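Down below is the structure, laid out as structure tokens.
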Amino acid sequence: MVNAIWLFMLATGIIVAALNGRIDVVTESAMAAAELGVETAFGLIGVMSLWLGLMKLAEDAGFIKALARFFGPAIRRLFPTLREDSPALGAIIMNLSANILGLGNAATPFGLKAMQELQKENPHPDTASPAMITFLALNTSCITLVPATIIAIRMKAQSVNPTEIIGPTIVATGCAMTLAIIADYLIRRRSKS
Amino acid sequence: MSFIAEISRWAIPCLLLIIPLAAYFRKVPVYESFVTGAEEGFRTAIRILPFLVGMLVSIRIFVDSGALEILARLLQPVFIFFGLDTELTAIIPLAVMRPLSGSGALGVATQLINQYGPDSFIGRLASTLQGSTDTTFFVLTVYFGSVGIKKYRYALKLGLLADLTGLVASLWIVHKMFY
Chain A
1 MVNAIWLFML ATGIIVAALN GRIDVVTESA MAAAELGVET AFGLIGVMSL WLGLMKLAED
61 AGFIKALARF FGPAIRRLFP TLREDSPALG AIIMNLSANI LGLGNAATPF GLKAMQELQK
121 ENPHPDTASP AMITFLALNT SCITLVPATI IAIRMKAQSV NPTEIIGPTI VATGCAMTLA
181 IIADYLIRRR SKS
Chain B
194 MSFIAEISRW AIPCLLLIIP LAAYFRKVPV YESFVTGAEE GFRTAIRILP FLVGMLVSIR
254 IFVDSGALEI LARLLQPVFI FFGLDTELTA IIPLAVMRPL SGSGALGVAT QLINQYGPDS
314 FIGRLASTLQ GSTDTTFFVL TVYFGSVGIK KYRYALKLGL LADLTGLVAS LWIVHKMFY
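Sequence order for the protein chains is A and B.
Each residue of the first sequence is one higher than the one before, counting from 1 in this note's numbering.
Each residue of the second sequence is one higher than the one before, counting from 194 in this note's numbering.
What follows is the structure, encoded as structure tokens:
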């Protein structure tokens, strides 16, 4: 499905540009986007190192384990295939907390760390495990308490009440997250039987 | 709500203080432990580079060529079929863009907020949508790519289902709360 979407976007984009007589756009955009990809990855090196370093500290001090023990019972229900003391749980909790607090650049390192831990328990290394899919569904539908960027944009656009969208945002995310959890549960149960 | 904003502001400095301090008291060699963990940062960032480049190029060509606008126009009848106001079709480019690209969606949302006004229905809807769904497609390719997963199974369908729910829920809640 990813292959199809990727090719679809690329091919239709080029065809549309050609039909509009703006084929130059393709070259420009491709180059600019490739550069942006490198910039983004390189830009991540610093924060990535910082958070993974801090996470290692927390791990060595036994905090990640404590965190996993504390939130574990609730989170583990969503990840029945993981081992009791799976190190992935701590990283998953850190990632979700960072997401909730709107700390996007801290969330990514924790998320990638969680994926690495999940991959260690994955019996088929080239195929997504159910635990990974649950994690990504949670991650992408996760509540953000303060959507800071959008509030700033509303402020700049002279909104009477820039923060009034926080309530509806939480409700909408809550709906999306609930449905994702239920759908994930149903799919897993059906594929087991 | 400013209370929650304060938490966000203080979260990182507090973590940076508390974790090393507490680790020190638990007799962890703090600096060495930090450096061991940080070593992984470079490798992880580089590992996701090809996935970022591949996705960004394809998405960017799709958007810049005008193909996204055409797709949005093709989706208009679906909106009208569900009895939604024709004015609402302005939200379609954002709804399509949201799962693909964070910066792209932010650009579209900013434009909508400025064009229709932040306190209009479209402005509020765009704000809510931007905050309540994520760049599912993008996150999936990068996260799976970083550990070498090639078969996503039902992950993408599940993620997009959540995004669609977010869209419908945003429409409903904004309508209910403000009108």
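Cβ atoms here follow ideal geometry from the backbone N, Cα and C, with glycine treated the same way.
In this text the structure is predicted, and so the values were computed from the model without any measurement.
Who are the Cβ neighbours of B:ALA302 in its own chain at under 8 Å, not counting the five residues just before and after it?
-> LEU287, ALA319, SER320, LEU322, GLN323
Closest residue to B:SER325 among A:ALA128, A:SER141, A:ALA131 (Cα-Cα distance) = Each of A:ALA128, A:SER141, A:ALA131 was checked against the Cα of B:SER325, and the nearest Cα belongs to A:SER141.
Just tell me which of A:THR127, A:THR81, A:SER97, A:ILE153 has its CA closest to the CA of B:GLN304.
-> A:ILE153
Specify, as a first and last residue, the run of the alpha helix (DSSP H) that B:LYS220 falls within.
-> Run containing B:LYS220: none; DSSP gives neither H nor E here.
Which runs of the alpha helix (DSSP H), 4 residues or longer, sit entirely within the segment 15 to 86 of chain A?
-> 24 to 60, 63 to 76
Strand pairing of A:THR127, partner residues [DSSP] = B:LYS344
Would the beta-carbon of A:MET115 fall within 8 Å of that of B:TYR336?
-> A contact, by the Cβ cut-off of 8 Å.
Could you check what DSSP says for A:SER141 in three-state terms: helix, strand or coil?
-> coil
Backbone secondary structure at B:LEU242 - three-state DSSP = helix
Under 8 Å, do B:GLN269 and B:ILE254 count as touching if we go by C-beta distance?
-> No. Outside cutoff.
Continuous alpha helix (DSSP H) stretch holding B:MET290: start and end | 285 to 290
Rounded separation between A:LEU103 and A:MET55 - CA only | 15 Å
If we count the other Cβ atoms within 10 Å of its Cβ and call it buried at 16 or more, is A:SER49 buried or exposed?
-> Burial call: buried.
Cβ of A:ILE153 within 7 Å of any heavy atom in the ligand GTP?
-> Ligands in the displayed structure: none, and consequently the ligand GTP is not present.
With 16 other Cβ atoms within 10 Å as the buried cut-off, status of B:VAL271 = So B:VAL271 counts as exposed.
Would you tell me roughly how many angstroms separate the C-alpha atoms of B:LYS343 and A:THR149, rounded to the nearest one?
-> 33 Å
Taking Cβ to Cβ, would you say B:LEU349 is nearer than 8 Å to A:MET1?
-> yes
With 16 other CB atoms within 10 Å as the buried threshold, where does A:LYS199 fall?
-> Because chain A in this structure spans residues 1 to 193, residue 199 of chain A falls outside the shown range and cannot be described.
In or out: B:THR237 buried (at least 16 other Cβ within 10 Å) or exposed?
-> buried
Within 10 angstroms of the Cβ of A:SER159, are there 16 or more other Cβ atoms? Answer buried if so, exposed if not.
-> buried
Under 9 Å by beta carbon: chain B residues contacting A:GLY90 = Chain B residues near A:GLY90: none, gap ~13 Å exceeds 9 Å.
Does the beta-carbon of A:CYS175 have 16 or more other beta-carbons within 10 angstroms, so that it is buried, or is it exposed?
-> buried
What's the call for A:GLY21, buried or exposed, on a 16-neighbour Cβ count within 10 Å?
-> exposed
Starting from A:ILE181, trace the alpha helix (DSSP H) both ways and give me its first and last residue.
-> 166 to 192
Boundaries (first-last residue) of the alpha helix (DSSP H) holding B:PHE331 = 329 to 339
Nearest-angstrom Cα distance between A:ALA33 and A:THR27?
-> 10 Å
Compute the Euclidean distance between the alpha carbons of A:ALA11 and B:LEU333, then round it to the nearest angstrom.
-> 21 Å
Quick one: list the residues of chain A neighbouring B:ASP327, beta-carbon separation under 8 Å, in chain order.
-> Those are ASN139, THR140, SER141, CYS142, listed as they occur along chain A.
Is B:ILE241 near B:SER294, with beta carbons less than 8 Å apart?
-> no
Where the segment 50 to 63 of chain A meets chain B: residues whose CB sits under 8 Å from a CB there | LEU50, TRP51, LEU52, GLY53, LEU54, MET55, LYS56, LEU57, ALA58, GLU59, ASP60, ALA61, GLY62, PHE63
Does the beta carbon of A:ASN95 come closer than 8 Å to any beta carbon on chain B?
-> no
Could you give the distance in angstroms between the alpha-carbon of B:ILE306 and the alpha-carbon of A:ILE151?
-> Their backbone Cα atoms lie some 11 Å apart in a straight line.
For B:PRO375, which three-state DSSP category applies?
-> There is simply no residue 375 of chain B to check, as chain B begins at 194 and stops at 372 in what is shown.
With 9 Å as the C-beta to C-beta threshold (strictly closer), list the residues of the segment 243 to 261 of chain B near chain A in chain order.
-> Of all residues in the segment 243 to 261 of chain B, only PRO243, PHE244, LEU245, VAL246, GLY247, MET248, LEU249, VAL250, SER251, ILE252, ARG253, ILE254, PHE255, VAL256, ASP257, SER258, GLY259, ALA260, LEU261 place a beta-carbon less than 9 Å from a beta-carbon of chain A.
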